[in-house]
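Written below as structure tokens is the structure these notes are about.
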Amino acid sequence: MFKSIFVKYISAFMLIIILSILLSATIITTLVNVYDENNKTRTLASVTYNASDYIVKNYTESGGISFNDYLNTSVYLLQPVLDAMVASMDSVVLFVSDGGGVVKLVGGGEQAKTYAGEDGVLSEAEQFSYPAELTAQIANAEHISRYDTLDGFFKVKHRIYVQPISTIDGRVVGSVMATTANADMDELLEAMIKTMILSSLWLMLAALIAVYFITERLVSPLRSMSRAAREFANGHFDVRVPTSGNDEVAELAVAFNNMASTLQHSEETRRLFLANVSHDLRTPMTTISGFIDAILQGVIPKEKIPHYLEVIRSEVLRLSRLVSSLLDLTKIQAGERKFNMVPMDICELGRQIIFASEQRLEEKKLDVRFDTERDNMYVLADPDAIHQVLYNLCDNAIKFSKQGGQYILSIRDVGAKTEISVYNEGDGISPEDLPFVFDRFYKSDKSRGLDKTGVGLGLYISRAIIEAHREQIRVDSEYGKWCRFTFTLPRTNSPKNKNEQENA
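Offset between the sequence shown (1-based) and my numbering: plus 27.
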């Protein structure tokens with residue numbers, strides 16, 4: 028049941044709400060109880076102190092009679108005073124006792140009638156005593172504050188405050204006890220708890236609805252991603268996750284779709300690569316096998332055997348280039364290819380490649396331009412690796428140039444870098460193919476009308492080499508008109524100037 032994120036999220040949220048409500052209720056009721064206790068204790072203390080002070084003054088003026096005799100003769104005088112003292116205090120009752128803990132007088136309006144008659148004065152038969160434990164405490168304490176039943180003196184717990192009545196010489200001759208029940212507070216707390224429970228139920232209902240929609244919005248994309256992942260496992264990379272909003276989940280969905288697009292593109296590239304490699308392996312092998320069989324069977328005249336051997340040799344070289352490219356790719360991916368960074372003349376390398384391509388350039392009657400700022404321009408790079416890159420770019424430019432078009436190899440200094448670009452006029456690269464030209468195994472000429480020998484590894488290897496030099500390579504093209512590949516290398520001084528500076 029709790030395996031679902033949706034259920035876990037709602038359960039956790041509801042548990043947090045319930046615990047928060049319980050904690051809040053506990054804190055509120057505790058604070059209210061403490062406040063009520065302190066407030067009632069202060070009120071009862073004030074009443075008992077005033078009543079005790081009044082009785083002591085009145086007793087002192089009575090002429091030296093005993094306190095018991097004073098109470099017996101003055102109850103009718105004291106009772107209205109006690110009633111007046113607690114007239115504004117609901118449920119407060121005053122008890123006046125002698126030194127032995129015998130209650131002589133009860134004051135407090137209607138509440139007092141529970142313990143005495145209409146007038147609050149107790150006859151000798153009606154008088155009752157405090158528990159012995161309380162009587163003993165009164166004789167030895169400045170005051171007593173409790174929340175108790177006094178061993179059954181009260182049916183329910185009361186807030187009690189007792190003030191001993193002492194004479195001038197310090198003798199405890201009696202006491203005044205003020206009490207009040209907590210019935211009003213119990214009613215208040217009950218009403219508060221009912222209100223909190225009711226409001227909590229509405230709050231939980233509202234929270235449940237809100238959490239449901241929020242959680243559903245969070246979990247729904249995850250469910251879609253889970254379904255899409257299962258489709259990926261079955262080889263269906265065209266599945267996409269719906270995206271909405273701009274929060275983290277939406278960003279995750281966008282990233283997931285981007286990953287899906289990458290996987291789909293990689294799968295298409297892999298299939299294309301297998302098709303290209305299969306074609307490039309099968310075609311020369313079929314040619315080689317056919318011609319060798321024909322030679323062995325004597326079908327080909329002896330005078331033409333050298334020609335067909337030359338064809339076989341070219342097909343073998345073609346297979347060798349394919350295997351070499353695959354080996355280069357494997358080394359680059361494994362990080363095994365090391366680069367020897369030394370100063371090299373990039374202009375001289377450009378001239379060598381143009382001279383090596385002279386026959387092909389003339390066959391297409393290309394308008395060749397070698398555009399450099401100086402005759403010799405030095406960069407810090409691996410000569411063999413940069414030769415591979417520049418030769419590949421120049422070879423592609425010739426291959427895809429139109430008859431009689433412009434062919435420009437340009438070398439320029441740009442800040443601390445040297446920028447090398449190869450430009451050709453031809454069909455160029457379509458906008459949809461432009462982002463993928465440096466991907467491995469990718470061939471924009473899918474019909475193989477122009478590129479009959481490549482397998483789509485040259486540009487990928489070129490980019491890997493340039494990035495290993497911590498530089499950049501890019502392509503610009505206007506489809507149907509021109510194309511330009513550009514890469515950068517760090518500038519450096521010529522080895523000769525460096526040696527002169529060291530010798531100096």
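Note that CB positions come from ideal geometry on N, CA and C, so glycine has one too.
Whether residue i touches residue j by CB criterion (8 Å)
i, j, result
"P517", "K444", "yes"
"I82", "V189", "no"
"V266", "A287", "yes"
"G453", "S489", "no"
"Y418", "I380", "yes"
"L58", "T207", "no"
"E400", "R348", "no"
"Q164", "L132", "no"
"I435", "R387", "no"
"A408", "H292", "no"
"D175", "K182", "no"
"N403", "E375", "yes"
Alpha-carbon to alpha-carbon, residue j and residue i
i, j, result
"D125", "I54", "42 Å"
"R254", "N285", "16 Å"
"L42", "M223", "17 Å"
"G197", "V108", "24 Å"
"N520", "Q499", "21 Å"
"V350", "Y487", "15 Å"
"Q433", "A277", "48 Å"
"G128", "F122", "10 Å"
"Y76", "Y157", "19 Å"
"T242", "A218", "35 Å"
"E294", "R378", "40 Å"
"P191", "S51", "40 Å"
"S247", "T270", "10 Å"
"K358", "L245", "44 Å"
"C421", "S305", "26 Å"
Secondary structure of residue i, DSSP reduced to three states
i, result
"R511", "strand"
"G485", "helix"
"I195", "coil"
"Y418", "helix"
"F397", "strand"
"Y76", "helix"
"Q433", "strand"
"N60", "helix"
"H334", "helix"
"K184", "coil"
"M561", "Since the first residue shown for the chain is 28 and the last is 531, residue 561 is missing from the structure and cannot be characterised."
"R439", "strand"
"I456", "coil"
"P158", "coil"
"E498", "coil"
"R387", "helix"
"Q190", "strand"
"V130", "strand"
"R345", "helix"
"F463", "helix"
"V238", "helix"
"M312", "helix"
"R250", "helix"
With 16 other Cβ atoms within 10 Å as the buried cut-off, status of residue i
i, result
"V441", "exposed"
"R69", "exposed"
"P311", "buried"
"V61", "exposed"
"D355", "buried"
> Quick check: the stretch 221-239 against the stretch 98-110, are there 3 or more CB pairs under 8 Å?
Replying inline: They do not touch, by the three-pair rule.
>> Quick test of the definition: if touching needs 3 or more C-beta pairs under 8 Å, does the stretch 494-507 touch the stretch 383-394?
In response: With a cut-off of 8 Å, the stretch 383-394 and the stretch 494-507 do not count as touching, because too few Cβ pairs lie within range.
> Are there three or more Cβ pairs, one per stretch, closer than 8 Å when the stretch 314-333 is compared with the stretch 367-383?
Replying inline: Flag = no, the stretch 314-333 and the stretch 367-383 do not touch.
> Does the count of Cβ pairs from the stretch 335-347 and the stretch 313-323 closer than 8 Å reach three?
Replying inline: They touch, by the three-pair rule.
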